[in-house]
Amino acid sequence: MRNTDNSSNKVSILFRNTIPEIPSTTYGTFAIYKYPAKFIPQVIAYVLKKYAKSNMKIFDPFAGYGTVGVVSKVYGYDYELWDLNPIINIIHDTAIMERPKINIFKLMKEIKNSQQDFIPKWSNLNYWFPEEFIPILSKTWGFVHSLTDETKYVLLIPLINVTRYFSYGDEKVHKLYKSKYSRKKIEELLKNNWKFQFYNMLEKEIGKLLKKVWEYNRLNPKQVEYRIRSGIDTLETKLDNNVNILITSPPYLQAQEYIRSTKLELFWLGYKEPYIKELSKKEIPYRPVNEIKIHSEKYYEFREKIKESHLRILYDRY
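Just add 938 to the spot in the sequence shown (first one is 1) and you have our numbering.
Pasting the structure below:
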């Protein structure tokens, strides 16, 4: 007799324990930046090892951190990543770089002696940073923006992390907001030798990144073809070429607000305020979407339980 019980086909699995070559979820460059709701690498690795064949191309239209691509390179598959947030370019290119030949002490001396300056064109800059910190941030970011070689990618993520720490934003959470903790943090920094702390933290962050890059290269990533498309509206964009496997995790309701969570970083990376505002308007569920037929009784069943009209709009857009 044919077994019609779907539960008999279910398999319990703990992805963390299925990929021995990736010993932890934070191994290598899979967690060099606190991006909200990112894939753990073992999920991608499991799918590739179970379903991917030679010469296949992998696609993630909501790439976020870019884990799908960073893992695909390890297993030798071409890939294409899309995301609304342009920070994916920085994360991805840092995550896949070969081990750089860097003298940290020499690099820190160059940073301290730099005469370059960069001030983001951000109307709320003074809201998020005490004026005392602006000169040292401007000088360090000016140095980074003047670079054209691999050294730039050795510095970008570490400096992003340090900049977040030296802001009024609470770096312990993804959302950009002033908390009681973050206000106290700035008060304590200003009472002490914060310049020393700034450079000391930056040096440590660089060292941590170099270790993570070394770990990633131990996985023997392959030479593959890839394409990163950032700042694009996934819902309005079409693929130019065929792909074989789609692995993605679409945006979650409004809990993360990806652009709003990373706008501090985007401003220091050089993006302009009008552009960042336009990106925010394209975030799901803030943008309107075309109406389509939903073939799901559950969809309508749950919809009837939502009484507030604004929440129904959010629900419909998802």
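Here a beta-carbon is modelled for each residue, glycine too, at the ideal position from N, C-alpha and C.
Looking only at C-alpha atoms, which of the options sits nearest to residue i?
{"i": "P979", "options": "A990, Y971, T967", "result": "T967"}
{"i": "N1099", "options": "D1087, E1088, K1118, T1078", "result": "T1078"}
{"i": "I951", "options": "L1207, T1032, V985, F1067", "result": "V985"}
{"i": "S1105", "options": "Y1017, P999, L1094, S1120", "result": "S1120"}
{"i": "N1179", "options": "V1006, D1016, S1218, S992", "result": "D1016"}
{"i": "A983", "options": "Y973, P974, V1006, I970", "result": "V1006"}
{"i": "R1156", "options": "Y1213, L1148, Y1137", "result": "L1148"}
{"i": "W1060", "options": "I1244, K948, P1212", "result": "P1212"}
{"i": "I1166", "options": "Y971, I996, P958", "result": "I996"}
{"i": "S1076", "options": "F1136, I1244, N947, I1185", "result": "F1136"}
{"i": "E1239", "options": "N1228, Y1253, H1248", "result": "Y1253"}
{"i": "V1111", "options": "Y971, F1043, T956, P961", "result": "Y971"}
{"i": "F1043", "options": "K1116, N1051, E1036", "result": "N1051"}
{"i": "G1208", "options": "L1094, N947, K991", "result": "L1094"}
{"i": "I957", "options": "A969, N947, K988, N1138", "result": "K988"}
{"i": "M994", "options": "I1222, V1181, I1230", "result": "V1181"}
{"i": "N1228", "options": "I1251, E1235, S1247", "result": "I1251"}
{"i": "E1036", "options": "K1047, P1159, I1029, H1083", "result": "P1159"}
{"i": "I1029", "options": "K976, Q1053, I1074", "result": "K976"}
{"i": "A969", "options": "E1125, S1247, Q1053, G1004", "result": "G1004"}
{"i": "M1139", "options": "K1150, Y1103, V1162", "result": "Y1103"}
{"i": "L1202", "options": "L1045, L1177, N1062, K1047", "result": "N1062"}
With a Cβ-Cβ cutoff of 8 Å, do residue i and residue j count as a contact?
{"i": "E1143", "j": "P1096", "result": "yes"}
{"i": "L1022", "j": "D1171", "result": "yes"}
{"i": "V1008", "j": "A1033", "result": "yes"}
{"i": "F1000", "j": "V981", "result": "no"}
{"i": "W1206", "j": "T1086", "result": "no"}
{"i": "S1168", "j": "I1197", "result": "no"}
{"i": "G1014", "j": "D1055", "result": "no"}
{"i": "D998", "j": "T1200", "result": "no"}
{"i": "E1221", "j": "E1195", "result": "yes"}
{"i": "K1133", "j": "I1074", "result": "yes"}
In the DSSP assignment, the beta strand (DSSP E) including residue i goes from what residue to what residue?
{"i": "D1060", "result": "Checking the displayed sequence, the identity of residue 1060 turns out to be Trp instead of Asp. That residue, W1060, is in no beta strand (DSSP E); it is neither H nor E in DSSP."}
{"i": "F997", "result": "995-998"}
Taking the straight line between their C-alpha atoms, what separation do you get for residue i and residue j?
{"i": "I1072", "j": "Y1065", "result": "12 Å"}
{"i": "P974", "j": "G1002", "result": "8 Å"}
{"i": "A1193", "j": "Y1091", "result": "With a pLDDT of 47 at A1193, under the threshold of 50, the predicted position of this residue should be treated as unreliable, and no value is reported."}
{"i": "T963", "j": "F1067", "result": "33 Å"}
{"i": "I1244", "j": "H1233", "result": "19 Å"}
{"i": "L1128", "j": "N1041", "result": "30 Å"}
{"i": "D1031", "j": "E1088", "result": "10 Å"}
{"i": "E1174", "j": "L1114", "result": "28 Å"}
{"i": "P961", "j": "N955", "result": "8 Å"}
{"i": "K1146", "j": "V949", "result": "37 Å"}
{"i": "W1152", "j": "N1027", "result": "20 Å"}
{"i": "Y1237", "j": "K1116", "result": "37 Å"}
{"i": "K1118", "j": "D1108", "result": "9 Å"}
{"i": "E1069", "j": "P1058", "result": "14 Å"}
{"i": "A990", "j": "I1049", "result": "45 Å"}
{"i": "N1130", "j": "L1204", "result": "28 Å"}
{"i": "I1025", "j": "I1214", "result": "11 Å"}
{"i": "E1126", "j": "H1083", "result": "29 Å"}
Got a sec: does the ligand FMN put a non-hydrogen atom nearer than 7 Å to the Cβ of residue i?
{"i": "K1044", "result": "The ligand FMN is not among the ligands present in this structure, which contains no ligands whatsoever."}
Within the continuous alpha helix (DSSP H) that includes residue i, where are the two ends?
{"i": "D1016", "result": "Careful: D1016 lies outside any alpha helix (DSSP H), inside the beta strand (DSSP E) at 1016-1021."}
{"i": "D1031", "result": "1025-1033"}
{"i": "S1010", "result": "1005-1013"}
{"i": "Y989", "result": "979-989"}
{"i": "E1069", "result": "No alpha helix (DSSP H) holds E1069; DSSP gives it neither H nor E."}
{"i": "L1045", "result": "1042-1051"}
{"i": "E1235", "result": "1235-1242"}
Using a Cβ-Cβ distance under 8 Å, would residue i count as near chain C?
{"i": "K1133", "result": "In the structure shown, chain C does not exist; there is a single protein chain."}
Checklist entry - Which runs of the alpha helix (DSSP H) fall wholly inside the segment 1081-1137 and span at least 4 residues, in chain order? => result 1089-1103, 1118-1129
Next on the checklist: Please give me, in chain order, every unbroken run of the alpha helix (DSSP H) with length at least 4 that falls completely inside the segment 1172-1231.
Outcome noted: 1196-1206, 1211-1219
Next on the checklist: Going residue by residue through the segment 1144-1170, where are the continuous beta strand (DSSP E) segments of at least 3 residues, counting only ones entirely within it?
Outcome noted: 1164-1168
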